[in-house]
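Reading through the structure tokens given below for one structure.
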Amino acid sequence: MTKTPSKTSQPSTGRRRVLTGLALAPALAAPAVHAQSTRVLTLVTTWPRGLPGLAATPERFTNRINTMSGGTLKIDYFAAGEKMGAFDSFDAVRQGNGADMYHACEYYWQGRDRAYNFFTTVPFGLTAQEFSTWVERGGGQQLWDRLAANYNIKGFMCGNTGTQMGGWYAQPIRSLSDMRGIRIRIPGLAADIFRALGAEPVSLPGGQIPAALFSGEIDAVEWVGPYNDLEFGVHKVLRHYMYPGFHEPGTCAALGINLQTWNSLDAAQQAMIQAACAAENRTMLAEYSARSGAALNQMQVEYGTQVHRFADDVYNQVAEIVADIMSGLSSESPQTAEVVQSFTAFRAQMAPFARQMTGETVTRRAAYLRTRAEANQVFDDIVD
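Heads up, the sequence shown is in this note's numbering, so the first residue is 62 and it goes up one at a time.
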């Protein structure tokens, strides 16, 4: 008699297929679980660690990238002085020596090419919104790419402080004569303006401002605005705060990355960096807009800060100086002339809209608020 195998002695055809599939599954899945390598990039900044606003942006940028990448891209962040001096960051990134990217303001590099000023801010220039529009839709990014490529760098907008104040002084600036002999910390093309007005501009990284002020190395300060100025304690030394900041109507902070490093990144990594920069461009401006009003009020109420408008004769003289500076810049090189032409043409295009829409809206809003009892004290405190 032939023995009939039991059901447990040999798997059925269907069951054999299932068992075989389970046995092969780990081998088939193995490539999907292999760990991906991590690309590590070093970011240095020109800001001291812990500085509100400016230093918060590279920290957030770092955290965004480290989170978004899922481990494929990692940023190591160092504040000014931790790995290198604040103004050493440009050469370090350009050469790929100790840093892959920096967070700074591009006008710090005007000693290399004065066209760099136009990728931070220039006197009577563009507001934060207008600047972003020029870079993204007006050809500014392409001009920036060509300029920065001369130094082996790729630049991106990565924050904006908005319109700045006009600086701190021991006495209010009522006339041109009040400018003469003042030693003021101020960067960019504004330094040329103040020099022409008879002041003595001094270029210092932000982190060195408090020590220079308290030691008497400088006797006036242009930094950013109430949010950062309160943190630095400028109001404890100087009482008179001038406005508006004609020299910086919308100040862009930038991420600069070594061009060879940028080109070596894959498309996903490049997209993450671009997205993180765009996010910070919005977030920094929102932070400054939200915090500066409260900081100014605190300095006025608690410390007696006095806020003054620059006199008309100062403005008129500044306008003449700026016209001369722009003319001189256009003659420096064909590339600089192209940047100046693009920037000024875009500004002229935007001016009617800004005056008729934004400017008039803000003016009418101010008039409306003046009629409200709850706002009267605020306006009395702000405007002398």
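Backbone N, C-alpha and C define an ideal beta-carbon position, used for all residues, glycine too.
Treat the numbers as computed from the prediction; the structure is a model and nothing was measured.
_Anticipated Cβ contact below 8 Å, proline 119 with threonine 133, distance rounded_ = Indexing the sequence shown from 1 puts residue 119 at position 58. Indexing the sequence shown from 1 puts residue 133 at position 72. About 20 Å separates the CB atoms of proline 119 and threonine 133; that is not less than 8 Å, and the two are not in contact.
*Range of the contiguous alpha helix (DSSP H) that encloses alanine 428*: Here residue 428 refers to the residue found at position 367 of the sequence shown. Residue range 421-431 is occupied by the alpha helix (DSSP H) that includes alanine 428.
*How many angstroms separate the CA atom of threonine 397 from the CA atom of aspartate 174?*
One-based indexing of the sequence shown puts residue 397 at position 336. One-based indexing of the sequence shown puts residue 174 at position 113. Rounded to whole angstroms, threonine 397 to aspartate 174 spans 8 Å at the Cα level.
*Straight-line Cα distance separating tyrosine 138 from alanine 84*: Sequence index remark: in the sequence shown, residue 84 carries index 23 (1-based). Sequence index remark: in the sequence shown, residue 138 carries index 77 (1-based). With a pLDDT of only 44 at alanine 84, under 50, the local geometry of the prediction cannot be trusted, and the value read off the model is given with reservation. Separation of alanine 84 and tyrosine 138 (C-alpha to C-alpha, rounded to the nearest whole angstrom) is 46 Å.
*Mind checking which residues open and close the beta strand (DSSP E) that includes glycine 286?*
Counting from 1 along the sequence shown, the entry for residue 286 is found at position 225. Careful: glycine 286 lies outside any beta strand (DSSP E) and carries neither H nor E.
_Among Met240, His296 and Phe414, the one whose alpha carbon lies nearest that of alanine 372_ = Numbered from 1 along the sequence shown, position 311 holds the residue referred to as residue 372. The shortest Cα separation from alanine 372 among Met240, His296 and Phe414 belongs to Met240.
*Which residues in the same chain have their Cβ closer than 6 Å to the Cβ of arginine 100, if we skip the five residues on either side of it in sequence?*
Residue 100 sits at position 39 when you count from the first residue of the sequence shown. Answer for arginine 100: Leu134, listed in chain order.
_Can you confirm whether the segment 294-305 touches the segment 192-205 when touching is taken to mean that 3 or more C-beta pairs between the two stretches lie within less than 8 Å?_
No: the two stretches stay apart, fewer than three of their Cβ pairs being nearer than 8 Å.
*Quick one: Cα of serine 130 to Cα of phenylalanine 122, how far?*
Sequence index remark: in the sequence shown, residue 130 carries index 69 (1-based). Sequence index remark: in the sequence shown, residue 122 carries index 61 (1-based). Roughly 12 Å between the two C-alpha positions.
_Three-state secondary structure (DSSP) of glutamate 309_ = Along the sequence shown, read from residue 1 onward, the residue named residue 309 stands at position 248. Looking at glutamate 309 - three-state DSSP - the assignment turns out to be coil, as it is neither helix nor strand.
*Return no unless some Cβ of chain B is closer than 8 Å to the Cβ of alanine 272.*
In the displayed structure, chain B is absent; only one protein chain is listed.
*Buried or exposed: which applies to glutamine 367, given that a residue is buried once 16 or more other Cβ atoms fall within 10 Å of its Cβ?*
Taking the first residue of the sequence shown as position 1, residue 367 is located at position 306. Glutamine 367 sits exposed, since fewer than 16 C-beta atoms from the chains shown fall within 10 Å of its C-beta.
*When you compare each of Arg300, Ser391, Met387 and Ile382 to glycine 38 by their alpha carbons, which one comes out closest?*
Nothing in the structure corresponds to residue 38, since the chain is present only between 62 and 445.
*Could you pull out every residue in the same chain whose Cβ sits closer than 6 Å to the Cβ of glutamate 292, ignoring the five residues on either side in sequence?*
Against the sequence shown, residue 292 aligns to sequence position 231. So the qualifying residues of the chain are Pro113.
_Same chain, Cβ closer than 7 Å to leucine 265, five either side skipped, listed in chain order_ = Counting from 1 along the sequence shown, the entry for residue 265 is found at position 204. Within the same chain, leucine 265 has close Cβ partners Arg246 and Ala273.
*If I'm right that threonine 182 touches glycine 311 with Cβ under 8 Å, what's the distance once you round it to whole angstroms?*
Counting from 1 along the sequence shown, the entry for residue 182 is found at position 121. Counting from 1 along the sequence shown, the entry for residue 311 is found at position 250. By a beta-carbon distance limit of 8 Å, threonine 182 contacts glycine 311. Their separation comes to about 6 Å.
_Within the continuous alpha helix (DSSP H) that includes threonine 364, where are the two ends?_
Reading the sequence shown from its first residue, position 303 is the one you call residue 364. A small fix is needed here, since residue 364 is tyrosine in this sequence, not threonine. Run containing tyrosine 364: 328-364, per the alpha helix (DSSP H) assignment.
*From Gln190, Gly157, Arg352 and Leu104, pick the residue whose C-alpha is nearest to that of phenylalanine 414; which is it?*
On the sequence shown, residue 414 is found 353 positions in, with the first residue counted as 1. When only C-alpha atoms are compared, the closest one is Gln190.
*Counted within 10 angstroms of its Cβ, other Cβ atoms place leucine 430 as buried (16 or more) or exposed*: On the sequence shown, position 369 is the one that residue 430 refers to. The residue in question, leucine 430, is exposed, as its Cβ has fewer than 16 Cβ neighbours within 10 Å.
*Mind checking whether isoleucine 254 and valine 379 have CB atoms under 8 Å apart?*
For the purposes of this step, residue 254 is taken as residue 193 along the sequence shown, with counting starting at 1. For the purposes of this step, residue 379 is taken as residue 318 along the sequence shown, with counting starting at 1. Between isoleucine 254 and valine 379, the CB-CB gap stays under 8 Å.
*At which residues does the alpha helix (DSSP H) containing isoleucine 270 begin and terminate?*
Position 209 of the sequence shown, counting from 1, holds the residue named residue 270. For isoleucine 270, the enclosing alpha helix (DSSP H) stretches over residues 270-276.
*asked:* Starting from tyrosine 304, trace the beta strand (DSSP E) in both directions and tell me its first and last residue.
replied: Indexing the sequence shown from 1 puts residue 304 at position 243. Boundaries of the beta strand (DSSP E) around tyrosine 304: 301-304.
_Checking the sheet assignment: what are the DSSP bridge partners for tyrosine 230?_
The sequence position of residue 230 within the sequence shown is 169, counting from 1. Residue pairing by DSSP places tyrosine 230 opposite His301 in a beta bridge.
*Between the Cα of tyrosine 177 and the Cα atoms of Leu187, Tyr302, Phe185 and Cys166, which residue gives the shortest distance?*
Mapped onto the sequence shown, residue 177 falls at position 116. Closest option to tyrosine 177, Cα to Cα, is Cys166.
*So the alpha helix (DSSP H) aspartate 152 belongs to, where does it begin and stop?*
Translated into positions along the sequence shown, residue 152 becomes position 91. It spans 150-156 - the alpha helix (DSSP H) in which aspartate 152 sits, taken as one unbroken run.
_Whole-angstrom distance between alanine 356 and glutamate 348, CA atom to CA atom_ = Here residue 348 is taken as the residue at index 287 of the sequence shown, counted from 1. Here residue 356 is taken as the residue at index 295 of the sequence shown, counted from 1. Glutamate 348 and alanine 356 have their C-alpha atoms spaced approximately 12 Å apart.
*Express the C-alpha separation of alanine 252 and aspartate 152 in angstroms, rounding to a whole number.*
Here residue 152 refers to the residue found at position 91 of the sequence shown. Here residue 252 refers to the residue found at position 191 of the sequence shown. About 22 Å.
_Buried/exposed call for glutamine 156, threshold 16 Cβ in 10 Å_ = Reading the sequence shown from its first residue, position 95 is the one you call residue 156. Burial call: exposed.
*Can you tell me which of Gly199, Ile279 and Phe407 puts its alpha carbon nearest to the alpha carbon of tyrosine 230?*
On the sequence shown, residue 230 is found 169 positions in, with the first residue counted as 1. When each option's Cα is compared against that of tyrosine 230, the closest is Ile279.
*Roughly how many angstroms separate the alpha carbons of arginine 433 and arginine 426, rounded to a whole number?*
Taking the first residue of the sequence shown as position 1, residue 433 is located at position 372. Taking the first residue of the sequence shown as position 1, residue 426 is located at position 365. Whole-angstrom Cα-Cα distance: 11 Å.
*Can you tell me the Cα-Cα spacing of alanine 428 and alanine 141, whole angstroms?*
Start at 1 with the first residue of the sequence shown, and residue 428 comes out as number 367. Start at 1 with the first residue of the sequence shown, and residue 141 comes out as number 80. If you take the alpha carbons of alanine 428 and alanine 141, they lie about 44 Å apart.
*Leaving out five residues on either side along the sequence, give the residues of the same chain with a beta carbon under 6 Å from the beta carbon of alanine 260.*
Here residue 260 corresponds to residue number 199 of the sequence shown, with the count starting at 1. The residues are Met240, Ile243 and Ile245.
*asked:* Taking the straight line between their C-alpha atoms, what separation do you get for alanine 117 and alanine 314?
replied: Here residue 117 corresponds to residue number 56 of the sequence shown, with the count starting at 1. Here residue 314 corresponds to residue number 253 of the sequence shown, with the count starting at 1. Taking the straight line joining both Cα atoms gives about 12 Å.
_Taking 8 Å as the threshold (C-beta atoms), are asparagine 319 and isoleucine 214 in contact?_
Here residue 214 is taken as the residue at index 153 of the sequence shown, counted from 1. Here residue 319 is taken as the residue at index 258 of the sequence shown, counted from 1. Closer than 8 Å, so yes.
_If distances are taken between C-alpha atoms only, which option among Gln171, Ala147, Gly172 and Tyr168 comes closest to alanine 472?_
Residue coverage of the chain in this structure runs from 62 to 445, which leaves residue 472 outside it and unanswerable.
*So, helix, strand or coil for isoleucine 318, using DSSP?*
The sequence position of residue 318 within the sequence shown is 257, counting from 1. Residue state, collapsed to three classes: strand.
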